[in-house]
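Enquirer: Protein chains in written order, with my numbering: chain A, 99 to 469; chain B, 55 to 637.
Mind having a look at this structure? Questions to follow.
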């Protein structure tokens with residue numbers, strides 16, 4: 099990776115992207131507080147527990163962004179760093195399986211006063227690894243052996259995450275990896291089989307969610323047990339719908355009063371819908387779309403092949419995760435738990451997403467006149 | 055400027071993927087419009103329906119006092135236990151929790167099974183037990199079960215137990231009066247319920263409420279009943295019914311000048327805190343509901359009719375030596391031949407033969423007029439439900455034996471309260487004052503209409519005094535001698551009637567024993583009627599009912615602090631409102 103013609107322009111980072119991120123994180127903090135206040139009061143005796151942790155996550159994340167942007171040398175582009183990062187990810191993922199189970203899952207590295215979810219790290223390290231690998235092989239990536247290496251790496255990580263188990267994150271990472279390979283020039287035909295498979299899974303999920311529609315109708319019949327598994331989907335759709343077009347009832351959500359489980363994490367978009375209405379939900383979508391646009395512009399202006407692939411990969415991965423989360427909340431997908439980037443409660447997710455944004459912003463500070 | 059073809063490819067593919075994602079985003083926007091624009095109101099409705107609940111806030115039901123301020127009925131807070139399923143509690147644990155409740159609350163096997171069934175059916179709200187004791191509530195609270203909650207309700211409590219049970223009546227689980235005073239004056243006692251909206255979280259915990267309409271508490275009632283007199287009457291009546299193996303008995307004691315009922319006793323009775331089944335038995339108030347042939351007690355009406363019409367000379371005598379008199383082919387008998395009796399003596403000795411002779415002079419139309427004038431055949435208007443009119447027939451429906459039969463108290467039926475009201479006419483010197491049970495309505499605003507009922511003259515004072523004289527003699531030296539209390543003036547009349555058997559004929563072995571009368575002390579102190587139904591062994595009013603009158607009256611006189619007046623008249627004791635002061 100040559101950088102002869104490249105130059106670094108400190109503070110020339112993409113300002114729209116930075117402010118979009120800032121707005122989304124701020125909205126997230128407000129909504130996390132609104133959605134978790136009652137739960138926090140009940141569990142911890144005061145309403146601020148989740149707010150404080152989310153603020154802490156945001157603080158760490160933005161500090162990382164600032165540090166990353168001050169670095170003249172793009173460490174993330176260094177293959178040694180990337181591979182160390184990848185190895186660290188794998189080690190932590192394996193370590194997870196030796197951690198005490200919480201609610202039958204082992205997703206966290208738990209140390210006193212510290213918790214971390216390595217699968218969040220895996221997203222970023224795999225994107226960087228794939229970007230680095232593709233930038234190295236370029237067109238030769240379509241050679242079966244060259245393709246096998248990234249595939250093996252990705253599947254190892256996915257397998258480890260499935261062991262936790264965390265199916266939704268595994269699926270998300272799987273799709274992220276495919277997207278990376280796709281933008282990295284892997285031939286269309288190679289996607290045919292996995293593509294069909296994914297489509298099959300999704301159509302099945304949609305069918306299942308249609309079945310849930312029926313459950314929703316039968317829910318009106320009070321003899322039906324409302325506490326079964328269809329509860330999430332029903333309650334989240336109810337929450338979003340009840341917001342109407344205009345709504346300005348921050349803190350007034352009814353569904354967060356334990357009607358909607360995971361209101362401050364995976365289903366926070368439903369609370370946004372309930373408290374801010376269509377205006378709020380569309381605003382979030384517009385912000386993410388703007389994020390996608392700025393991210394792709396950064397990728398387009400990126401000074402190197404690696405940074406282009408990495409920037410595009412990071413942007414698409416974050417946008418895709420947002421779209422997937424929103425689809426689930428709106429009952430357009432199977433109700434599995436993945437957080438809404440920047441907004442959902444979760445420090446690991448927030449820190450790692452902001453770290454990825456830091457890389458994006460750093461790329462935006464680099465210029466070249468060679469291309 | 056892009057020169058590297060691979061980098062261009064990366065750019066193209068990124069854009070392509072972004073477009074695919076954006077298409078999906080467009081679908082999401084459609085979905086948002088569908089949900090938030092088209093389904094908004096219905097979703098809002100469902101959410102609010104789950105979240106809030108308009109409940110009726112029950113008012114405090116009015117307290118019922120006796121005339122001295124003793125509480126006879128009041129509503130006290132009581133906890134009710136209900137169950138709501140919790141997601142995090144397994145069905146096994148739910149059943150275990152229920153089992154622990156079963157022992158504390160003393161659920162019957164049937165109730166227990168019923169609740170188990172409802173839990174299995176996953177009902178949202180199940181009453182486990184309503185209105186439990188305070189100790190039970192503490193125990194349930196100590197269990198700290200997540201799926202079991204308590205709600206405060208009001209339970210009607212009768213601190214005097216069985217006292218005046220029939221008069222007070224009972225309420226249902228929703229505190230709506232079902233019988234007695236609770237039923238008759240439910241509108242006064244109940245108050246108006248308010249409305250409140252409760253807000254619940256998903257665990258059915260209330261976190262907020264809004265009062266839409268405040269409840270208006272019920273109004274308190276003060277009865278004319280005197281707790282002590284009621285107690286004396288109930289005690290002595292129960293003893294008499296018990297010793298006579300009678301079917302039932304009733305005693306009513308009243309203040310004739312005001313019509314106020316001081317006591318209304320029934321045997322058998324019940325505890326209104328635990329009304330026995332079937333409830334209908336507790337709800338029929340025999341003193342106002344049961345009607346029967348009054349027998350000799352009714353003869354004062356014949357006397358009044360004869361005297362008021364001027365049909366009988368003051369010194370006229372009647373030949374009763376035959377001991378019987380022919381009435382359309384069949385004799386009406388006295389229990390022994392009396393010889394020649396004066397007008398008063400006919401009544402003092404209760405000679406049927408003499409009375410039939412007097413009745414023949416009165417004639418049907420006039421006799422009927424006097425029955426209705428005394429209030430027979432219609433309700434007295436006392437504040438109790440299920441009052442009977444009794445039964446009197448117009449002369450057009452009478453047979454040849456009807457007039458003689460009526461004159462001695464047969465072929466008609468009257469209630470105890472009607473009979474006592476008729477005796478009160480004599481006590482009141484000819485004025486009919488309707489009976490009443492409510493002394494005061496303790497309305498918070500002092501606009502309660504006066505409860506005094508208008509008296510109505512039905513008899514001349516002279517006639518009333520003459521009948522009173524007869525009644526005084528009837529007790530002093532006639533059939534009522536067993537009611538006599540030394541040192542007191544008692545006016546009264548016994549009665550014994552044959553009951554109508556299942557064939558519709560007068561039975562020769564089932565009787566009702568009566569005594570009606572009042573105690574004078576310058577003015578009337580109180581009047582009383584005693585009815586003992588179907589006594590075994592002795593059955594004459596003289597033997598069965600009159601001694602009960604004496605026993606009760608003796609104790610009341612002691613309670614009221616009225617000394618006997620063997621000595622000159624002691625007119626300084628004037629009963630203005632409440633009888634007596636000393637206890």
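Ideal placement from N, C-alpha and C gives every residue a C-beta, glycine not left out.
Treat the numbers as computed from the prediction; the structure is a model and nothing was measured.
Could you tell me which of A:246, A:416, A:378 and A:389 sits nearest to residue 115 of chain A, measuring between CA atoms?
Expert: Numbered from 1 along the first chain, position 17 holds the residue referred to as residue 115 of chain A. Here the closest residue by C-alpha is A:389.
Enquirer: Under a Cβ-count criterion, where at least 16 other Cβ atoms within 10 Å of its own Cβ denotes burial, should residue 292 of chain A be classed as buried or exposed?
Expert: As a first step, residue 292 of chain A must be located in the first chain, where it is residue number 194. Counting Cβ neighbours within 10 Å, residue 292 of chain A comes out exposed, since fewer than 16 surround it.
Enquirer: Let me check understanding here. Comparing Cα to Cα, which of B:538, B:355, B:357 and B:312 lies closest to residue 597 of chain B?
Expert: Here residue 597 of chain B corresponds to residue number 543 of the second chain, with the count starting at 1. The candidate whose alpha carbon is nearest that of residue 597 of chain B is B:538.
Enquirer: Going straight from the alpha carbon of residue 392 of chain B to that of residue 410 of chain B, what length do you get?
Expert: Indexing the second chain from 1 puts residue 392 of chain B at position 338. Indexing the second chain from 1 puts residue 410 of chain B at position 356. Residue 392 of chain B and residue 410 of chain B: Cα-Cα distance of roughly 14 Å.
Enquirer: List, in order along the chain, the chain A residues whose C-beta lies closer than 7 Å to that of residue 85 of chain B?
Expert: Here residue 85 of chain B is taken as the residue at index 31 of the second chain, counted from 1. 428 and 430, listed in chain order.
Enquirer: Going along the chain, which residues of its own chain have a beta-carbon closer than 6 Å to the beta-carbon of residue 337 of chain B, five neighbours each way excluded?
Expert: As a position in the second chain, residue 337 of chain B is number 283, starting the count at 1. Cβ within range, chain order: 233.
Enquirer: Going residue by residue through the segment 159-239 of chain A, where are the continuous alpha helix (DSSP H) segments of at least 4 residues, counting only ones entirely within it?
Expert: You should have 177-194 and 216-235.
Enquirer: Within the continuous alpha helix (DSSP H) that includes residue 458 of chain B, where are the two ends?
Expert: Position 404 of the second chain holds residue 458 of chain B. Residue 458 of chain B -> alpha helix (DSSP H) spans 456-461.
Enquirer: Taking Cβ positions, are residue 358 of chain A and residue 334 of chain A nearer each other than 7 Å?
Expert: Indexing the first chain from 1 puts residue 358 of chain A at position 260. Indexing the first chain from 1 puts residue 334 of chain A at position 236. A contact, by the Cβ cut-off of 7 Å.
Enquirer: DSSP puts residue 281 of chain B in a beta bridge; with which residues?
Expert: By one-based count along the second chain, residue 281 of chain B stands at place 227. Partner(s): none; residue 281 of chain B has no beta bridge.
Enquirer: The beta strand (DSSP E) that contains residue 549 of chain B, what's its start and end?
Expert: The residue given as residue 549 of chain B occupies position 495 in the second chain. From DSSP, the beta strand (DSSP E) with residue 549 of chain B extends over 543-554.
Enquirer: Measure the CB-CB distance between residue 376 of chain A and residue 412 of chain A and report whether it falls below 7 Å.
Expert: Indexing the first chain from 1 puts residue 376 of chain A at position 278. Indexing the first chain from 1 puts residue 412 of chain A at position 314. No. Outside cutoff.
Enquirer: By a C-beta neighbour count over all protein chains shown, 10 Å radius and 16 as the cutoff for buried, is residue 130 of chain A buried or exposed?
Expert: Here residue 130 of chain A is taken as the residue at index 32 of the first chain, counted from 1. The residue is buried, with at least 16 neighbouring Cβ atoms inside 10 Å.
Enquirer: Since residue 387 of chain B is in the beta strand (DSSP E), which residue starts that stretch and which ends it?
Expert: Along the second chain, one-based indexing puts residue 387 of chain B at 333. Its beta strand (DSSP E) spans residues 384-387.
Enquirer: If the cut is a Cβ gap below 8 Å, which residues of chain B does residue 407 of chain A touch?
Expert: The residue you call residue 407 of chain A lines up with position 309 of the first chain. Those are 64, listed as they occur along chain B.
Enquirer: Roughly how many angstroms lie between the CA atoms of residue 286 of chain B and residue 329 of chain B, to the nearest whole one?
Expert: Your numbering for residue 286 of chain B matches position 232 in the second chain. Your numbering for residue 329 of chain B matches position 275 in the second chain. C-alpha separation (whole angstroms): 22 Å.
Enquirer: Give the residues of chain A in contact with residue 199 of chain B, contact being defined as C-beta atoms less than 9 Å apart.
Expert: To locate residue 199 of chain B, count along the second chain from 1; it is residue 145. Residues of chain A passing the Cβ test: none, with the nearest at roughly 17 Å.
Enquirer: Once you ignore the five residues that flank residue 373 of chain B on each side, which residues in its own chain have a CB closer than 7 Å to its CB?
Expert: As a first step, residue 373 of chain B must be located in the second chain, where it is residue number 319. For residue 373 of chain B, where only same-chain residues beyond five positions count, the Cβ hits under 7 Å are 394.
Enquirer: With DSSP run on the structure shown, which of helix, strand or coil describes residue 302 of chain B?
Expert: In the second chain, the residue the question calls residue 302 of chain B occupies position 248. In the structure shown, residue 302 of chain B sits in a strand (DSSP, three-state: E or B).
Enquirer: Could you please give the first and the last residue of the uninterrupted alpha helix (DSSP H) stretch that includes residue 172 of chain B?
Expert: Counted from its first residue, the second chain places residue 172 of chain B at position 118. It spans 163-174 - the alpha helix (DSSP H) in which residue 172 of chain B sits, taken as one unbroken run.
Enquirer: By Cβ distance below 8 Å, which residues in the same chain neighbour residue 111 of chain A in space, the five residues on each side in sequence not counted?
Expert: Start at 1 with the first residue of the first chain, and residue 111 of chain A comes out as number 13. Once the five neighbours on either side are set aside, the close Cβ partners of residue 111 of chain A are 167, 459, 460, 462 and 463.
Enquirer: Have a look at residue 248 of chain A and residue 225 of chain A and give me their C-alpha separation to the nearest angstrom.
Expert: As a position in the first chain, residue 248 of chain A is number 150, starting the count at 1. As a position in the first chain, residue 225 of chain A is number 127, starting the count at 1. If you take the alpha carbons of residue 248 of chain A and residue 225 of chain A, they lie about 11 Å apart.
Enquirer: So, does the CB of residue 78 of chain B fall closer than 7 Å to a CB anywhere in chain A?
Expert: Locating residue 78 of chain B in the second chain gives position 24, counting from the first residue. Closer than 7 Å: yes.
Enquirer: For a test of the three-state rule: what should DSSP assign to residue 392 of chain B, helix, strand or coil?
Expert: For the purposes of this step, residue 392 of chain B is taken as residue 338 along the second chain, with counting starting at 1. The answer is coil: DSSP assigns residue 392 of chain B none of H, G, I, E or B.
Enquirer: Starting from the beta carbon of residue 90 of chain B, find every residue of chain A whose beta carbon is closer than 8 Å, and list them in chain order.
Expert: Your numbering for residue 90 of chain B matches position 36 in the second chain. What residue 90 of chain B touches in chain A: 338, 339, 341, 342, 343, 371, 375, 376 and 379.
Enquirer: Under DSSP, the beta strand (DSSP E) around residue 352 of chain B begins and ends at which residues?
Expert: Walking along the second chain from the start, residue 352 of chain B turns up at place 298. Here residue 352 of chain B belongs to no beta strand (DSSP E), and DSSP marks it neither H nor E.
Enquirer: Please report the straight-line C-alpha distance between residue 268 of chain A and residue 119 of chain A, rounded to a whole angstrom.
Expert: For the purposes of this step, residue 268 of chain A is taken as residue 170 along the first chain, with counting starting at 1. For the purposes of this step, residue 119 of chain A is taken as residue 21 along the first chain, with counting starting at 1. Cα to Cα, residue 268 of chain A sits roughly 25 Å from residue 119 of chain A.
Enquirer: Could you tell me the distance, in whole angstroms, from the CA atom of residue 55 of chain B to the CA atom of residue 407 of chain A?
Expert: Locating residue 55 of chain B in the second chain gives position 1, where the first residue counts as 1. Locating residue 407 of chain A in the first chain gives position 309, where the first residue counts as 1. Low confidence applies to residue 55 of chain B: its pLDDT is 38, below 50, so where it sits in the model is not reliable enough to give any reading.
Enquirer: Can you tell me whether residue 380 of chain B is helix, strand or coil according to DSSP?
Expert: Numbered from 1 along the second chain, position 326 holds the residue referred to as residue 380 of chain B. Correct three-state label for residue 380 of chain B: strand.
Enquirer: Just checking my contact of residue 594 of chain B with residue 564 of chain B at CB under 8 Å: how many whole Å lie between their CB atoms?
Expert: The residue given as residue 594 of chain B occupies position 540 in the second chain. The residue given as residue 564 of chain B occupies position 510 in the second chain. With 8 Å as the limit, residue 594 of chain B and residue 564 of chain B do not qualify as a contact, their Cβ atoms being about 14 Å apart.
Enquirer: List the whole-angstrom C-beta distance separating residue 402 of chain B from residue 359 of chain B, where the pair is believed to meet the contact cut-off of C-beta under 8 Å.
Expert: Start at 1 with the first residue of the second chain, and residue 402 of chain B comes out as number 348. Start at 1 with the first residue of the second chain, and residue 359 of chain B comes out as number 305. With 8 Å as the limit, residue 402 of chain B and residue 359 of chain B do not qualify as a contact, their Cβ atoms being about 18 Å apart.
Enquirer: Residue 237 of chain A touches chain B at which residues, Cβ-Cβ below 7 Å?
Expert: On the first chain, residue 237 of chain A is found 139 positions in, with the first residue counted as 1. Near residue 237 of chain A (Cβ distances below 7 Å), the residues of chain B are 60.
Enquirer: Going straight from the alpha carbon of residue 384 of chain B to that of residue 463 of chain B, what length do you get?
Expert: Within the second chain, the letter at position 330 stands for residue 384 of chain B. Within the second chain, the letter at position 409 stands for residue 463 of chain B. So the alpha carbons of these two residues sit roughly 17 Å apart.
Enquirer: If you pair each beta-carbon of the segment 171-185 of chain A with each one of the segment 146-161 of chain A, do three or more pairs fall below 8 Å?
Expert: The segment 171-185 of chain A vs the segment 146-161 of chain A: no contact.
Enquirer: What does a CB cutoff of less than 8 Å around residue 285 of chain A pick up in its chain, not counting 5 residues either side in sequence?
Expert: Along the first chain, read from residue 1 onward, the residue named residue 285 of chain A stands at position 187. Hits under 8 Å: 240.
Enquirer: Apart from the five residues just before and just after residue 536 of chain B, which ones in its own chain have a Cβ nearer than 6 Å to its Cβ?
Expert: Along the second chain, read from residue 1 onward, the residue named residue 536 of chain B stands at position 482. 596, 600 and 601, listed in sequence order.
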